[in-house]
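Q: Got a structure for you, questions after.
2 protein chains.
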Amino acid sequence: MPAGVGRQARVSEAIVHRIKKQITEGRLLAGHKLPAEREMARQFKTSRVSVREAYRSLEEVGVLRIRRGADGGAFVAQLDHEPVLRSLALVLGLGRTSHRELTEARMLIEPPIARLAALRARKDDILRIERVLLQEEHDAAQRSGPFRPTDSRFHRSVADCTRNLPLIVLMNALADLTANAASALDVSTRARHRLKNCQFHRQLFDAIRTHDGEKAYATMARHVGDIQRRVRRSLARRRK
Amino acid sequence: MPAGVGRQARVSEAIVHRIKKQITEGRLLAGHKLPAEREMARQFKTSRVSVREAYRSLEEVGVLRIRRGADGGAFVAQLDHEPVLRSLALVLGLGRTSHRELTEARMLIEPPIARLAALRARKDDILRIERVLLQEEHDAAQRSGPFRPTDSRFHRSVADCTRNLPLIVLMNALADLTANAASALDVSTRARHRLKNCQFHRQLFDAIRTHDGEKAYATMARHVGDIQRRVRRSLARRRK
DNA sequence: GCAAGGCAATGGTCCTACCTTTGGCCGGCC
DNA sequence: GGCCGGCCAAAGGTAGGACCATTGCCTTGC
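As given, the protein sequences belong to chains A and B, one line each in that order.
Read left to right, the first sequence gives residues 181 to 420 (our numbering).
Read left to right, the second sequence gives residues 181 to 420 (our numbering).
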C-alpha cells in the first residue's frame, strides 16, 4: 500500500492504523472492548464522526464487532479466515470467476495440504478428525440437513494438521467460497453425494492416521476431482 | 457472515451492499465515479454521515478510491489481489505467522502452479514472461536497486499463464507477503542472490516454453526451497 | 500567449441535537 | 418475598449544518 507522500493522513485513518497496530502487537486481544465513541473522540481530540468512520471501516474488514445498547461498544473480533474470504469473494466476484476455476484451484492446493497433514498429524489431530468424521457419517445416515458445515469442518480439520496458518486460512477461504457457490446450485446436497463424500473422507482419514502422505495426496486429489465433476454436471444441467 | 435477524440494517450498510452488488453485477466498472457524498445522501434520503461511512468502509476494503478537490469523488478501484493481501496480512499478523510458514505455503502452492502454467502457456504468455525475464536479468547485471518488483513480476507472470483467477490472486498475495517480510530482513538483496534467482527463473522459463510441466514443477520447487533456505539462514543470523 | 489569482465543486472535519437499543436499577403489585 | 414493569443511563445510529482544505478550471490581467 504505497500511500506515499500523496494523501495527507486522515484522522480516521490514523485511528484505524493505531488500532490495527495495537492488535498485531498483541496489546489488543479478541474480545477486548475499545473505548466508547465519545470517549475515543475525547482521547484523540477529535469528533465522534472520525471515530465512527474508523470503527466502521474496521468492522467492514472484520477486525471489530460493534454492538449497541447499554454496554454495547466496539469489540475486537476473533479473527479467522472470514475477512480473507470476503475480500477474495469480492475480487473474484468482480472477475466473474467460474466455479470451474475455483475447484481447479482447490484441485491444486488441497492434495499437497493433505500430504503435509498426513506427515504432521499428531495424536490429538487424529482424534479430532475422527470426531468430525463420525459426526459427519452420523449426519449423512440420518436426516438430509444442510450439507455444508460438516464437510467444511472436515477439510478444515485436515488443514489444521499442517500447523501452517497461511495454508489453513487460504484453504478455508477457498473451501467456503466453493461451498457458498455450491449452495446456490443444487450440488452435493443429495444423500448419495453425501455418502460418497463420507467415503472419501474416511479414506483420507485412514491415510492421515497411518501418516501415509502419498495416499492422502492421491485420495484428496480424487475427492476434489469428484467434486469438480459434480459441479461440471450440475452446471451442464443448469444450462439446459 | 450470519448476520441473521439480529442487527437491523444500518443505512450505511445498505449503501455498501448496493454498491458492492452493482459492482459484482458489472453495472459499475473500475474507474467509474460514484455520486458525490451530498448527492448520494440526497438519493438515499439520508445524511452525509451515513454515505461517508459507507464510502470509507469500501475504501478500506479496497473497492473505492476517494480523491478530494474539484472533480474529486469516489471512484471504483481496479480490483487486484491487494485487498486479499491486506486481509491476509491482518489475519496472519495477529497470529504472529513466521516467515517459515509463509515460505512453506509457497513451497506447496507454487510448484503445482508452475506445472499448470507450463501446460497452459500460450505464445503471448511466453513472450510476456521472456520480456519480464530479460528485464530482470538486465537489472541484476546492472545496479543494485530494489529487489522486489521484478521478482514478484516474474512469479506473477508465470501464474497468469494458468488463467485461473483464484490461483493468481492467492499466489500474488502470498508472494507479496513474503516479499514484504523479506524486505524487512536483508534477504535476497545481494547481487549474487539476484543472479541465482535469475538462473532459476531462466530455467523455469525454459520449462514453460517447452511446455514441460514436470520440469517446471521441479524447478519451482527448488527455487522456492532455495528462498526458504536463505530465509532460514537470515533468521539464524538475526537471532545471534 | 501565458501566468497568477479567484471560483466552485468536493471531500474532511467538527458540532449538536435527537432517536433507538439495551441492560440494569428500582419500585409497586401479586 | 418474588416477580414484573417502567424508568433511566449508556452506547451506538442518524440527521443536518457549518466550516475548512484541496484542486481543477476559468477568468483576468500583464
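Glycine included, every Cβ here is placed at the ideal spot set by N, Cα and C.
#1: Assuming Val264/A and Val271/B make a contact with CB atoms under 8 Å, what is their CB distance in whole Å?
#2: Just reading off the beta strand (DSSP E) that Ala254/A is part of, what are its end residues?
#3: Cα separation between Gln315/A and Met400/A?
#4: Is it buried or exposed for Glu217/B, if we count other Cβ within 10 angstroms and need 16 for buried?
#5: I want to check one thing, is the minimum distance from the CB of Leu313/B to the heavy atoms of the ligand GTP below 7 Å?
#6: Report yes or no: do three or more beta-carbon pairs, one from the segment 232-244 of chain A and one from the segment 239-251 of chain B, lie closer than 8 Å?
#7: Under 8 Å, do Leu179/A and His403/A count as touching if we go by C-beta distance?
#8: With a Cβ-Cβ cutoff of 8 Å, do Gly393/A and Leu299/A count as a contact?
#9: For Arg236/B, return the contacting residues in chain A, with the cut-off set at a CB-CB distance below 7 Å.
#10: Taking only beta-carbon positions, decide if Ser332/B is within less than 8 Å of chain A.
#11: Please report the distance separating the alpha-carbon of Arg286/B from that of Leu208/B.
#12: Can you grab the Cα-Cα spacing for the pair Glu317/A / Arg374/A, in whole Å?
#13: Within 8 Å (strictly less), CB to CB, does Gly273/B reach chain A?
#14: For Lys213/B, I'd like the list of residues in its chain whose CB is within less than 6 Å of its CB, leaving aside the five on either flank, ordered along the chain.
#15: If you reduce the DSSP assignment to three classes, tell me which class Arg308/A lands in.
#16: Please state whether DSSP places Arg302/B in a helix, a strand or coil.
#17: In chain order, which alpha helix (DSSP H) runs of at least 4 residues are fully inside the segment 256-280 of chain A?
#18: With which residues is Leu244/B paired in a DSSP beta bridge?
#19: Using the rule of at least 16 other Cβ atoms within 10 Å of the residue's Cβ for burial, across every protein chain shown, is Ser227/A buried or exposed?
#20: Can you pull the chain A neighbours of Asn344/B, defined as C-beta to C-beta under 7 Å?
#21: Ends of the alpha helix (DSSP H) at His391/B?
#22: Please classify Lys303/A as buried or exposed, where buried requires at least 16 neighbouring CB atoms within 10 angstroms.
#23: From the DSSP output, in three-state form, read off Phe327/B for me.
A: With the given structure in hand:
#1: 6 Å
#2: 253-256
#3: 20 Å
#4: buried
#5: The model depicted lacks the ligand GTP and carries no ligand whatsoever.
#6: Touching, yes, given that three or more Cβ pairs across the two stretches are closer than 8 Å.
#7: Residue 179/A lies beyond the range of chain A shown here (181 to 420); nothing can be said about it.
#8: yes
#9: Ser192, Glu233, Arg236, Ser237
#10: By this cut-off, Ser332/B is not an interface position.
#11: 34 Å
#12: 9 Å
#13: A Cβ of chain A is located within less than 8 Å of the beta carbon of Gly273/B.
#14: Gly253, Phe255
#15: In the structure shown, Arg308/A sits in a helix (DSSP, three-state: H, G or I).
#16: coil
#17: 262-274
#18: Val256/B
#19: exposed
#20: Glu281, Glu284, Ala285
#21: Note, His391/B: premise wrong, no alpha helix (DSSP H); not H, not E.
#22: exposed
#23: Confidence at Phe327/B is low in this model, with a pLDDT of 49, below 50, so the placement of that residue is unreliable and no value is reported for it.
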